[in-house]
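Chemist: Numbering (the working numbering), first residue to last: 3 to 427. Think of the CB as a built atom: it goes at the ideal place given N, C-alpha and C, for glycine as much as any other residue.
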């Protein structure tokens, strides 16, 4: 017998509301002291700064430790096994971001390190086009940069990039975030890549805030370079990556000069032609690479449909709760309906961001971030700050709540109720 329309809709709603089985995070049972000396379960809502470690990541590192050794140059069993694990990690992360077969993947410390490596690898005379909405990791490394004002809407971002690149004579690189670390808003990276390539330029994408929340396919989007950090991807062991076209990296001076980056040393030094070897001098962060790969495997195994569905449920609950509190203002560049990941920044009328963050921690056991989030020009723009933007005295700052695997409905509701008390006190 055919289902009635009402029954069909109700079953669909039930499926959406079914709990999603996600990987566990280390520290999910952490208790923290609050005012009065009692302990409460910690509500970690600071994922955009550093996400907690996934249990599968912790297990992968623990499994690698007994045979931990140096890589690439040892004949012993432990060294050979660790080398295999390290290079398998490179393969895993490359597949996770949908890299092209010939793309290089250099393990670095974090996104900032990756962007600085790329800055050191630019051909002579390269002009970089970058929006003032960027995190400092993507805003500051470039020796010759054209800064674009925050665009009023996504199409304006594409138009502004188009005009800026058209005016450049010589090599050019467009640098842009995939998801804002301030508002969580998604940027039109496919359209920006198309514009860059139409002008013979390349595009580098800061994916630090995207890859913990959404699938990324470098090849399908036709991106030239992608950078992100393990500590935001549930792998807080000090590793990140720069992935992309190998030619600029192969032609650049080694990022670090030392063992492993060379073919021979005598009266002159012959550097490795392989960009991965060339820029990974010294003993690399083997455990960080293994951790990062384990996080990639865990997210892939869980499936992006489940991850996105749960995040969007919690994010909608959080944003609706904040919108119902008088005096709380959510920050947005492109409007409340623009797609975003699980990041919300806001202000509370009559309270400084630091006062709000400290109260949430001391009285409710909630961890959030306050400040300008290493994106000073952008936050100044959103809050209407002047040239200094309150950098010296802490004004013109905001509070940021960010969610991910391990965030619960209770965490979200606790934050909303706490802010309601703070705003109406």
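1) If distances are taken between C-alpha atoms only, which option among 179, 239 and 383 comes closest to residue 136?
2) Run through DSSP, which three-state label would residue 394 get?
3) Using a Cβ-Cβ cut-off of 7 Å (strictly less than) and excluding sequence neighbours within five positions of residue 52, which residues of its own chain qualify?
4) State buried or exposed for residue 394, treating a residue as buried only when at least 16 other CB atoms are found within 10 Å of its CB.
5) Are the CB atoms of residue 87 and residue 292 nearer to each other than 8 Å?
6) Would you identify the three-state DSSP class for residue 118, choosing helix, strand or coil?
7) For residue 223 and residue 67, what's the separation of their Cα atoms in angstroms?
8) CA-CA distance, residue 383 and residue 55?
9) At 4 residues or longer, what runs of the alpha helix (DSSP H) sit wholly inside the region 22-103?
10) Taking only three categories from DSSP, how would you classify residue 261?
11) Out of curiosity, what's the CA-to-CA distance linking residue 273 and residue 253?
12) Is residue 205 near residue 251, with beta carbons less than 8 Å apart?
13) Mind checking residue 219: buried by the 16 CB within 10 Å criterion, or exposed?
14) Using the beta-carbon count (16 or more within 10 Å), is residue 153 buried or exposed?
15) With H, G and I counted as helix, E and B as strand and the rest as coil, what does DSSP make of residue 321?
16) Out of 283, 112, 217 and 366, which has the shortest C-alpha to C-alpha gap to residue 311?
17) Could you check the C-alpha separation between residue 92 and residue 267 for me, to the nearest Å?
18) Can you find the residues in the same chain that come closer than 7 Å, C-beta to C-beta, to residue 304, ignoring five residues on each side of it along the sequence?
19) Pull up the distance between the alpha-carbon of residue 48 and that of residue 299, whole angstroms please.
20) At which residues does the alpha helix (DSSP H) containing residue 416 begin and terminate?
21) CA-CA distance, residue 148 and residue 324?
22) Per DSSP, what kind of secondary structure is residue 273 in: helix, strand or coil?
23) Mapping DSSP to helix, strand and coil, what is residue 407?
24) Beta carbon of residue 416, beta carbon of residue 368: below 8 Å?
Modeler: From the atom records:
1) What you label residue 136 is simply residue 134 of the chain shown in a count that begins at 1. Comparing Cα-Cα distances from residue 136 to each of 179, 239 and 383, the minimum goes to 179.
2) Reading the chain shown from its first residue, position 392 is the one you call residue 394. Reliability of the predicted coordinates at residue 394 is poor, the pLDDT of 48 falling under 50, and the value obtained from them is presented with this limitation in mind. Of the three classes helix, strand and coil, the one that applies to residue 394 here is coil, per DSSP.
3) Reading the chain shown from its first residue, position 50 is the one you call residue 52. Contacts found: 233, 234 and 238.
4) As a working mapping, residue 394 is identified with position 392 in the chain shown. Unreliable placement is indicated for residue 394, whose pLDDT of 48 sits below 50; the coordinate value is still reported in the next sentence. Exposed.
5) As a first step, residue 87 is located in the chain shown; it is residue number 85 there, counting from the start. As a first step, residue 292 is located in the chain shown; it is residue number 290 there, counting from the start. Against a cut-off of 8 Å, the Cβ pair of residue 292 and residue 87 comes out as a contact.
6) Reading the chain shown from its first residue, position 116 is the one you call residue 118. Of the three classes helix, strand and coil, the one that applies to residue 118 here is helix, per DSSP.
7) Taking the first residue of the chain shown as 1, we reach residue 223 at position 221. Taking the first residue of the chain shown as 1, we reach residue 67 at position 65. Between residue 223 and residue 67, the C-alpha separation is close to 37 Å.
8) Working through the chain shown from its first residue, we reach residue 383 at position 381. Working through the chain shown from its first residue, we reach residue 55 at position 53. C-alpha separation (whole angstroms): 33 Å.
9) 57-66 and 79-98
10) For the purposes of this step, residue 261 is taken as residue 259 along the chain shown, with counting starting at 1. Residue state, collapsed to three classes: coil.
11) Counted from its first residue, the chain shown places residue 273 at position 271. Counted from its first residue, the chain shown places residue 253 at position 251. Those two C-alpha atoms are separated by around 10 Å.
12) Taking the chain shown and counting its residues from 1, one reaches residue 205 at position 203. Taking the chain shown and counting its residues from 1, one reaches residue 251 at position 249. Cβ distance not < 8 Å, so residue 205 and residue 251 don't count as in contact.
13) Here residue 219 refers to the residue found at position 217 when the chain shown is read from its first residue. It is exposed - the Cβ of residue 219 has fewer than 16 other Cβ atoms within 10 Å.
14) On the chain shown, residue 153 is found 151 positions in, with the first residue counted as 1. Buried.
15) Against the chain shown, residue 321 aligns to sequence position 319. Here residue 321 sits in helix by DSSP.
16) Taking the chain shown and counting its residues from 1, one reaches residue 311 at position 309. Measuring C-alpha to C-alpha distances from residue 311 to each of 283, 112, 217 and 366 identifies 217 as the nearest.
17) Against the chain shown, residue 92 aligns to sequence position 90. Against the chain shown, residue 267 aligns to sequence position 265. Computed Cα separation, rounded: 27 Å.
18) Counting from one through the chain shown, the residue named residue 304 turns up at place 302. Result list for residue 304: 24 and 25, in chain order.
19) Here residue 48 is taken as the residue at index 46 of the chain shown, counted from 1. Here residue 299 is taken as the residue at index 297 of the chain shown, counted from 1. Those two C-alpha atoms are separated by around 23 Å.
20) Residue 416 sits at position 414 when you count from the first residue of the chain shown. Looking at the DSSP string, the run of the alpha helix (DSSP H) that includes residue 416 is 411-426.
21) By one-based count along the chain shown, residue 148 stands at place 146. By one-based count along the chain shown, residue 324 stands at place 322. Going by C-alpha positions, residue 148 is about 36 Å away from residue 324.
22) Taking the first residue of the chain shown as 1, we reach residue 273 at position 271. Note: residue 273 maps to strand in three-state DSSP.
23) Residue 407 sits at position 405 when you count from the first residue of the chain shown. Three-state result, residue 407: coil.
24) In the chain shown, the residue the question calls residue 416 occupies position 414. In the chain shown, the residue the question calls residue 368 occupies position 366. It is a contact, given that the beta carbons lie within the stated cut-off.
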